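A short worksheet on the structure shown next.
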Amino acid sequence: MLELSTQKPDEYPPAMEVEERWNVDTAKKIYNLPFNDLLFQAQTVHRQRFDPNAIQLSKLLSIKTGGCPEDCGYCSQSAHYPTGLKASKLLQVEKVVAEARKARDSGATRYCMGAAWRSPKDRDIDMVVAMVEGVRALGMETCMTLGMLSPQQAARLAGAGLDYYNHNIDTSERFYSAIISTRSFADRLETLAHVRDAGIKVCSGGILGMGETVDDHIAMLVTLANLPVPPESVPINMLIPIPGSKLANAAPVDPIEFVRAIALARILMPETHVRLSAGRSDMSDEMQALCFLAGANSIFVGDTLLTTGNPGEDHDAALFRRLGLKAMPLGASE
Ligand code: SF4
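Start counting the sequence shown at 1; every next residue gets the next number (full-length UniProt numbering).
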């Protein structure tokens with residue numbers, strides 16, 4: 001027989017105060033609250049800052065695919081693993097702008113462009129600057145993910161009007177070297193600092209289901225929350241194991257642990273858009289609904305991400321109807 005709750009209403013955990021700096025012990029206590037209490041706290045925090053039924057829609061395009069010199073164990077684009085992905089060159093600016101226009105016309109407000117580089121060369125920056133300018137002229141927010149940036153490169157992107165730069169910390173500092181050996185956790189933080197110093201908004205999150213522990217989930221979120229300014233956008237991905245990659249046979253993450261991580265992200269970073277990112281195609285509608293209840297308020301739309309699958313627009317439209325969700329208008333939370 002299941003254990004009966006003996007908790008009386010006046011013993012419920014008090015509404016959480018927003019802390020300036022978080023420590024891992026406090027974050028663990030929050031993470032380990034009874035699930036209903038955790039979701040209640042997360043939803044309470046969420047409602048203080050956001051329309052609880054509005055979801056920000058982003059669209060992602062791979063502007064340069066495959067052949068990456070980095071060895072990220074989760075990635076289809078790393079040249080270190082026989083994933084069978086065909087590499088391609090940097091797309092032409094006109095093609096990128098045309099794709100962005102289609103995304104805007106189907107409701108996306110932010111256009112995210114990703115290139116499989118360790119870091120861009122200066123001649124690449126000329127091309128991506130033209131892409132940023134072209135997409136911004138459509139009235140969309142822009143985001144780029146291009147690998148490590150020098151302060152000068154970050155300044156050029158800022159000068160072009162780039163709104164967001166994505167650079168995930170991926171996991172905890174402790175677990176980082178088990179997943180990637182060609183760069184360090186400190187390298188990631190350094191690029192994030194260059195991006196922030198240039199005046200670009202930060203998008204940084206990670207992936208769950210790579211063989212890490214719950215403590216790694218908590219440590220990763222505490223690191224993000226304790227950046228000098230927390231990221232404006234935190235994508236939380238569920239690993240899609242890529243055949244041929246180092247993590248091809250990784251065990252799936254427990255869905256309840258995943259939802260708990262979303263709720264903790266919401267509580268530690270109340271102002272942030274928490275994005276339910278890669279892995280949605282392997283989630284049930286019910287799991288996605290729990291993630292939205294836990295405070296996720298951004299998704300990628302369209303049937304592909306950089307190289308992996310995503311629920312199609314028809315499926316998302318049906319899910320939004322069933323849950324009474326709406327697309328968040330541009331600038332709604334700023
Ligand atoms: S995640 Fe990015 S940096 Fe890592 S291998 Fe893939 S494309 Fe390269």
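Note that beta-carbon positions come from the ideal geometry of N, C-alpha and C, so glycine has one too.
What you are looking at is a predicted structure, and each value in this text was computed from that prediction instead of being measured.
Count the other CB atoms, across all protein chains shown, that sit within 10 Å of the CB of residue i; report buried if there are 16 or more and exposed otherwise.
| i | result |
| --- | --- |
| residue 92 | exposed |
| residue 328 | buried |
| residue 252 | exposed |
| residue 296 | buried |
| residue 212 | buried |
| residue 141 | buried |
| residue 116 | buried |
| residue 279 | buried |
| residue 95 | exposed |
| residue 228 | exposed |
| residue 318 | exposed |
| residue 321 | exposed |
| residue 248 | exposed |
Going by beta carbon distance, what residues of the same chain come within less than 8 angstroms of residue i, once the five residues before and after it are set aside?
| i | result |
| --- | --- |
| residue 292 | 55, 276, 323, 325 |
| residue 316 | 299, 301 |
| residue 257 | 208, 214, 217 |
| residue 67 | 77, 79, 87, 116 |
| residue 13 | Because the pLDDT of residue 13 is 49, which lies under 50, any placement of that residue in the model is unreliable, and the question is left without a value. |
| residue 151 | 194, 197, 198 |
| residue 85 | 65, 66, 76, 77, 307 |
| residue 391 | This structure does not reach residue 391, given that the chain is present from 1 up to 334, and the question cannot be answered. |
Between which two residues does the alpha helix (DSSP H) harbouring residue i extend?
| i | result |
| --- | --- |
| residue 112 | It is not in any alpha helix (DSSP H) - residue 112 instead sits in the beta strand (DSSP E) that spans 110-115. |
| residue 159 | 151-159 |
| residue 323 | 313-323 |
| residue 95 | 93-105 |
| residue 162 | Neither: residue 162 is in no alpha helix (DSSP H) and is coded neither H nor E. |
| residue 134 | 122-136 |
| residue 30 | 24-31 |
| residue 218 | 214-225 |
| residue 36 | 35-49 |
| residue 193 | 185-197 |
| residue 351 | With the chain running from 1 to 334 in the structure shown, residue 351 is simply not present. |
For the beta strand (DSSP E) that contains residue i, what are its first and last residues?
| i | result |
| --- | --- |
| residue 56 | 54-64 |
| residue 141 | 141-145 |
| residue 203 | 201-203 |
| residue 301 | 298-301 |
| residue 255 | No beta strand (DSSP E) holds residue 255; the alpha helix (DSSP H) holding it covers 255-268. |
| residue 275 | 273-276 |
| residue 172 | Premise fails: residue 172 is in no beta strand (DSSP E) and is neither H nor E. |
| residue 208 | 206-208 |
| residue 238 | 233-238 |
With distance defined between alpha-carbon atoms, name the residue in the options nearest to residue i.
| i | options | result |
| --- | --- | --- |
| residue 58 | 100, 137, 36, 244 | 100 |
| residue 61 | 281, 145, 149, 245 | 145 |
| residue 108 | 86, 155, 281, 143 | 143 |
| residue 48 | 272, 85, 290, 185 | 272 |
| residue 173 | 215, 25, 195 | 215 |
| residue 220 | 202, 242, 185, 246 | 185 |
| residue 74 | 257, 244, 266 | 244 |
| residue 41 | 290, 178, 263, 280 | 263 |
| residue 335 | 200, 241, 171 | Examination of residue 335 is not possible in this model, given that the chain is present from 1 through 334 alone. |
| residue 110 | 201, 268, 318, 309 | 201 |
| residue 330 | 139, 309, 188, 114 | 139 |
| residue 90 | 112, 53, 154, 64 | 64 |
| residue 98 | 136, 81, 83, 85 | 136 |
| residue 310 | 230, 131, 284 | 284 |
| residue 170 | 239, 287, 112, 126 | 239 |
| residue 24 | 223, 131, 250, 313 | 223 |
| residue 288 | 312, 270, 259 | 259 |
| residue 112 | 131, 31, 125 | 131 |
| residue 286 | 129, 31, 255, 127 | 255 |
| residue 230 | 189, 250, 29, 53 | 189 |
| residue 250 | 127, 178, 129 | 178 |
Return the chain-ordered list of same chain residues with a C-beta closer than 6 angstroms to the C-beta of residue i, the five sequence neighbours on each side being excluded.
| i | result |
| --- | --- |
| residue 182 | 70, 71 |
| residue 205 | 168, 234, 235, 236 |
| residue 191 | 148, 149, 167 |
| residue 133 | 160 |
| residue 268 | 22, 221, 225 |
| residue 175 | 212, 216 |
| residue 83 | 76, 242, 244, 245 |
| residue 154 | 194, 195, 198 |
| residue 31 | 218, 260, 264 |
Could you tell me whether the Cβ of residue i comes closer than 7 angstroms to any Cβ of chain C?
| i | result |
| --- | --- |
| residue 76 | Any reference to chain C falls outside this structure, which holds one protein chain only. |
Spatial neighbours of residue i within its chain, please: CB distance less than 7 angstroms, with the 5 preceding and 5 following residues excluded, ordered by chain position.
| i | result |
| --- | --- |
| residue 226 | 21, 22 |
| residue 266 | 42, 45, 46, 274, 294, 295 |
| residue 27 | 218, 221, 222, 264, 268 |
| residue 158 | 198, 199, 200 |
| residue 81 | 244, 245, 246 |
Would the region 115-130 and the region 99-106 be scored as touching if the rule is three or more Cβ pairs under 8 angstroms?
no
List in chain order the residues whose CB is within less than 6 angstroms of at least one heavy atom of the ligand SAH.
Among the ligands present in this structure, namely the ligand SF4, the ligand SAH is not found.
I'd like to know if the region 146-164 and the region 205-215 are in contact, where contact means that at least 3 CB-CB pairs between them fall below 8 angstroms.
no
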